[in-house]
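Residue numbers (this note's numbering): 159 to 267.
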C-alpha cells in the first residue's frame, strides 16, 4: 500500500484516475471491459505477482455474471474516495517516508 502510493503522482500526471476504498482494505481485483469481458482474482499487474508469486486471476468472456461483477465494482467505487493532486499534498509524513523506503528496497523483494 505504501509503495503503491509512491506511484500515484506519476499515474495521475499520465491521466489515470485513482480511488481508495475507504471502509478498509480490499485485496481482490476486478476488471470489466465492454460489458462482456472481465477478470477477477488477486493478481497485481507487476512482475512479482505475474512471475514470482504466481497469483491468480480468472478471465471471463460473454457470461451472465459479468453484469454482477460490474455492479459490484460500481458499488465498491461508491464507497471509495478519489485521490487528487491536492489530497496527495495532505498525505501524512510517515506515509511518504515509509513509501520512499519501500521504493528503495522493492527491487530486493
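Virtual Cβ for every residue (Gly too), placed ideally from N, Cα, C.
Model, not experiment: these values are computed from the prediction.
For residue 239, the three-state secondary structure derived from DSSP is strand. Where residue 195 is concerned, the enclosing beta strand (DSSP E) starts and stops at 195-199. Note that the C-beta distance between residue 201 and residue 188 is not below 8 Å.
In the displayed model, residue 178 falls within a strand according to three-state DSSP.
When rounded, the separation of the alpha-carbon atoms in residue 226 and residue 217 is 15 Å. The Cβ-Cβ distance between residue 177 and residue 235 falls below 8 Å. Residue 167: not part of any beta strand (DSSP E); member of the alpha helix (DSSP H) spanning 166-171, first to last residue. Put simply, of 242, 230, 254, 243 the residue whose alpha carbon is nearest the alpha carbon of residue 184 is 230.
The stretch 163-181 makes no contact with the stretch 202-210: fewer than 3 CB pairs, one atom from each, lie closer than 8 Å.
For residue 217, the beta-bridge partners assigned by DSSP are 197. The residue among 164, 242, 255, 223 with its C-alpha nearest the C-alpha of residue 193 is 223.
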